Amino acid sequence: MRIPFLNLPICLPRLLVGVLVIAGWILGMLAADARAQTASDPRDLAVVRLNLIDLLENEPRLPLPVQQRRESLLEFYSAQDTRFIWLGTTRGQGLVDRLSRAEIDGLRPGDYPSGQLQALVDAAPRADLRGQAVIELHLSAAMLEYASDLHVGRFLPSRIDPNFFLQKRSIDQVAALNAAMTATDMDAFFAGMQPSAEEYRDLRNALAGFRQLRASGGWPAMPFGETLKPGMDDPRVADLRARLGVRDPLLLLAEPGTETVYDEALVAAVEKFQAEHGLDVDGAVGPATVGALNVTIDDRIASIEVAMERWRWMPEDLGAQYVFVNIAGFELKRVRNDVVEERMNVVVGKPYSRTPVFSDRIRYLEFNPYWNVPSSIALDEQLQELRANPARLASQGFEAVSGDQVYDLRSIDWRQFGPGNFPFQIRQRPGANNALGRVKLMFPNPHNVYLHDTPSRSLFSRSERAFSHGCVRLQRPLDLAQQVLAVGGVPGWDRNRIDSVLASGERTVVSLEQPIPVHIAYLTAWVEDGVPQFRADIYEHDRKLLAALDGKDIAW
Amino acid sequence: MTLNFRQLAALILTGGPALLTSLPAAADTLGDVRERGRLVCGVSEGLRGFSEQAEDGSWVGFDVDFCKAVASVTLGDTNLVDYVPLTAAERFEALGQGQIDLLSRNSTWTLSRDLMLGLDFAGVSYYDGQGFLLPALYGVTNPLQLAGATVCVVSGTTSEQNARHFFEGAGMSLEISTFAERDDARAAYEAGECDAYTADRSALAAERSLLASPDDHILLRDVISKEPLGPVVRQDDPVWRDLVRWTLFALVTAEELDLSADDTETTSLLGESMTEAFRLDPGWYARLIGDVGTYAAIFERNLGTQSPLELGRGLNALWTQGGLLYAPPMQ
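Those protein sequences? They're chains A and B, same order as listed.
Take 11 as the starting number for the first sequence in the working numbering and just add one per residue.
Take -10 as the starting number for the second sequence in the working numbering and just add one per residue.
See below:
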């Protein structure tokens, strides 16, 4: 037979066909290799996807980070066709690059396996189809780990310090996977995973600034010595000038021969420094100021890093309006629609009786309040005096309540009662002596903590204000009360009405229509009008969080 | 009844020898070692870093070096040691029965062992703790991230109990996979049959060094138990115990004071009391440092960054450097 367009005898066509078949087979094999290299052939992508779903659905044991996120991964990948987040894209490299720069987020690059992940990214093009599925899953799991660390924090607050009563939160993993799928680059993606609070972003920028400053040498320490007062001429003033000149180079332009004079410009710089570090603003450079000046830049960077982690722990939504107490800053702010509408000094708990960190809602106010003495104070501090001579406490308005009965302190034989047998609530009647002053703002919680007035007003002018048993004392409680009532939806409470209620001496409870969120926080670093502020770590929480962040040996 | 002097003397002379021989002979391990001319030291059957037999038959390791130290002090020669490999099950009995003079076999000092076995721990030479080995790829940095994991452990050990206890206390559910032998546990871990391998950190460091690519595995810094390891002796010989105890302290002191074999005057002075108490050769301390080195040298060569185990000093650093090692003054 003759093949129509080939003038060849019969045996030759067979040979040709044979050669063509073999050649075709070889070419097919080569082409298959090329397909395996890029996995861009739709059939191969489909096979990878099938493998991936099969792994998630049926494999009895998956690698731990994948196993822990199995459900979310299955939900996400089931909804995808043959698109992948990592395979065939540059996002994998972007992920690895970002993890190896975790320090820009105040985290530790050594905590993330970028080396091993790089190996996976490099191996992906050459891996078999099931292997590619495994790599895709590993990269997704690693992304979710970092996304979670960024969004809700790397550490459980209560594990670092039992004084932190913040809710454990977790990210929406499926949403994060979806966001990653549409991300053009991983930096943009992770920027979106950060806490949305402006305070966090300000801290992150401050961190970058301080890291740069450190890279260019930081600042010099200055020696201790006698207190430098404005106008003095002292060699240590030159050291002071060098120290503050790091951030304010104009100070370094003193006329030769006058570097050791503590002049006006330098005094102004010192006062600014003192204000930014919670010191007495008096221009006098004594031991406290020198100590603060000499805190190393490494320590300041650490303060910013731990502050960032704490911001990750904060609730997602602080509220359209809220009251914010910073324990370490001894300050309260009332914020509405991102504007600080009120600000005042507060007194917080002593380190021995710390104010806990938590969020709640102010629900009611009590004018002319009773002070219900917590049993710990009653037993540890008052019982001895009650046994010896209850007259003093009685004269200060204290009484004992049991059920519906109110007892005069002097009518009870206190020696019969003690820890384990104390059926009384000791309370102090409203009045001039009352420890809570004229008003308390209540957000009932298991810690017995609330905001209140106090008869001891002198403490508010101190620069460090940790004196209470845990409650937060307010500098201008009536101002705050009036504002809280107004924004809490209770009309008609102007200053006159408050004053007449106070004058009556009668206990008066006013409930808020709209309870107002109150956040009690502990921040030793923050940014105010673009200027970083630092405070002393009075509760030693920085130290604990830093130990965790640095992975110090801890025994569990 | 009252006896006169003669009657009393007669009683003593006839009954005395009987009384004397009925008293147990005071244990004199030091004397036995000197007479024998060799120190018999109980070690493990092969634990990398601690006691292991090299191809040429010689013994190496942290615990082995301690045996050598005691041999150097008592016999003046680190080669005069007979090493007896012992299983975990037989080690304490071997010591109690007198088959060995000293047990230097990564043994944890516990109350029950100290009180119930007629033995004494002469000190702590290595503060260990139970830890976890994991693939670095998993990105795990503390045990609380192990929810849902499968963990390999050698069965019947305190490691198994500790792990269960720890995870129950943390409210985490895990699968604990037990193996009869270390080799089996390691093989299972390497094959990916479990996510993590738990044992004493020092043992895990050894296991890690035997894996195909040790750098792809990490040893978590956190420990979930206290495992103070130390040399053990029989309870009936306070003199021997003191000698072993102070040999250990001498090694630590040598690091504290940065001593070398050339510091003949200082070492002679510091070693004076022991020279007298145990009738040692006056140059024993300089020779000890020359033969075996200070604690730091022993640690680094067997367990530290110069060894395959790559363990940091951690708790085993000097007290002046954030660790627990602290020797009472040798004066």
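Note that beta-carbon positions come from the ideal geometry of N, C-alpha and C, so glycine has one too.
Fair warning: this is a prediction, and the values are worked out from it, not measured in the lab.
| Item | Value |
| --- | --- |
| When A:ASP91, A:GLU69 and A:THR92 are compared against GLU6 of chain A, the one with the closest alpha-carbon | Past the edges of chain A, shown from 11 to 566, lies residue 6 of chain A, and the structure says nothing about it. |
| Contact set between PRO73 of chain A and chain B, taken where Cβ atoms lie within less than 9 Å | PRO124, LEU126, TYR127, GLY181 and ASP184 |
| Nonlocal neighbours in the same chain, by C-beta distance under 6 Å from ALA193 of chain A, ignoring five residues either side | PHE199 |
| C-beta atoms of ARG175 of chain B and LEU209 of chain B nearer than 9 Å | no |
| Chain B within 9 Å of GLY125 of chain A, Cβ atoms only | yes |
| Environment of LYS178 of chain A [buried if 16+ CB atoms lie within 10 Å] | exposed |
| Touch test, the stretch 223 to 242 of chain B against the stretch 117 to 125 of chain B, Cβ-Cβ under 8 Å, three pairs minimum | no |
| Given 8 Å, three or more beta-carbon pairs between the stretch 424 to 433 of chain A and the stretch 451 to 459 of chain A | no |
| Under 7 Å (Cβ pairs) to chain A, residues found in the stretch 187 to 220 of chain B | ASP205, ARG210, ASP211, VAL212 and ILE213 |
| Completely contained beta strand (DSSP E) runs for the stretch 148 to 236 of chain B, where each covers 3 or more residues | 164 to 168, 185 to 189, 206 to 208, 216 to 218 and 221 to 223 |
| Pairwise C-alpha distance: ASP138 of chain A and ALA42 of chain A | With a pLDDT of 48 at ALA42 of chain A, under the threshold of 50, the modelled position of that residue is not reliable, and the figure given next carries that caveat. Whole-angstrom Cα-Cα distance: 12 Å. |
| Cβ neighbours of TRP566 of chain A in the same chain (closer than 6 Å, five flanking residues each side left out) | Its pLDDT being 38, under 50, TRP566 of chain A is placed unreliably by the model, and nothing is read from it. |
| Segment contact, 8 Å Cβ cut-off, at least three pairs: the stretch 73 to 81 of chain B with the stretch 262 to 277 of chain B | no |
| Cβ distance (whole Å) where LEU104 of chain B is taken to contact VAL221 of chain B below 8 Å | Actually they do not touch by this definition, with Cβ atoms about 13 Å apart. |
| Any chain B beta carbon closer than 9 Å to GLN78 of chain A | yes |
| CB-CB length for SER47 of chain B against ASN95 of chain B, believed under 8 Å | Actually they are not in contact, since the Cβ atoms of SER47 of chain B and ASN95 of chain B sit about 19 Å apart, beyond 8 Å. |
| Cβ contact check for the stretch 388 to 398 of chain A and the stretch 500 to 510 of chain A: 3 or more pairs under 8 Å | no |
| The beta strand (DSSP E) enclosing GLY359 of chain A, as first and last residue numbers | 349 to 359 |
| Endpoints, beta strand (DSSP E) assigned at GLU376 of chain A | 368 to 377 |
| Reduced DSSP secondary structure (H/G/I, E/B, other) of ALA531 of chain A | strand |
| Collapsed DSSP secondary structure at SER33 of chain B in the structure displayed | coil |
| Residues of its chain near LEU176 of chain A, where Cβ-Cβ distance is below 6 Å and the 5 sequence neighbours each way are ignored | PRO167 and TRP323 |
| For PHE174 of chain A, the three-state DSSP class (helix, strand or coil) | strand |
| Boundaries (first-last residue) of the alpha helix (DSSP H) holding TYR630 of chain A | Because chain A in this structure spans residues 11 to 566, residue 630 of chain A falls outside the shown range and cannot be described. |
| Proximity winner among B:VAL59, B:LYS57 and B:VAL53, relative to PRO74 of chain B (alpha-carbon distances) | B:VAL53 |
| Rounded C-alpha distance that separates PRO271 of chain B from GLU265 of chain B | 9 Å |
| Contact the stretch 493 to 500 of chain A vs the stretch 508 to 528 of chain A: 3+ CB pairs below 8 Å | yes |
| Contact under 9 Å by Cβ, ALA157 of chain A with ALA186 of chain A | yes |
| Listed by chain order, chain A residues near GLY137 of chain B by CB distance under 8 Å | LEU74, GLN77 and GLN78 |
| Supposed contact pair ARG517 of chain A and PRO379 of chain A - C-beta distance, whole angstroms, cut 8 Å | 7 Å |
| ALA169 of chain B versus B:CYS141, B:GLU182 and B:ARG153, residue with shortest Cα-Cα distance | B:CYS141 |
| Coil, strand or helix - HIS287 of chain A by DSSP | coil |
| 7 Å Cβ cut-off: residues of chain A touching THR130 of chain B | ASP121 and GLY561 |
| Residue-chain proximity (LEU133 of chain B, chain A), Cβ-Cβ < 9 Å | yes |
| Start and end residues, alpha helix (DSSP H) containing ARG483 of chain A | Counting along the chain, ARG483 of chain A falls outside any alpha helix (DSSP H), though it belongs to the beta strand (DSSP E) covering 482 to 484. |
| Straight-line Cα distance separating PRO217 of chain B from LEU69 of chain B | 28 Å |
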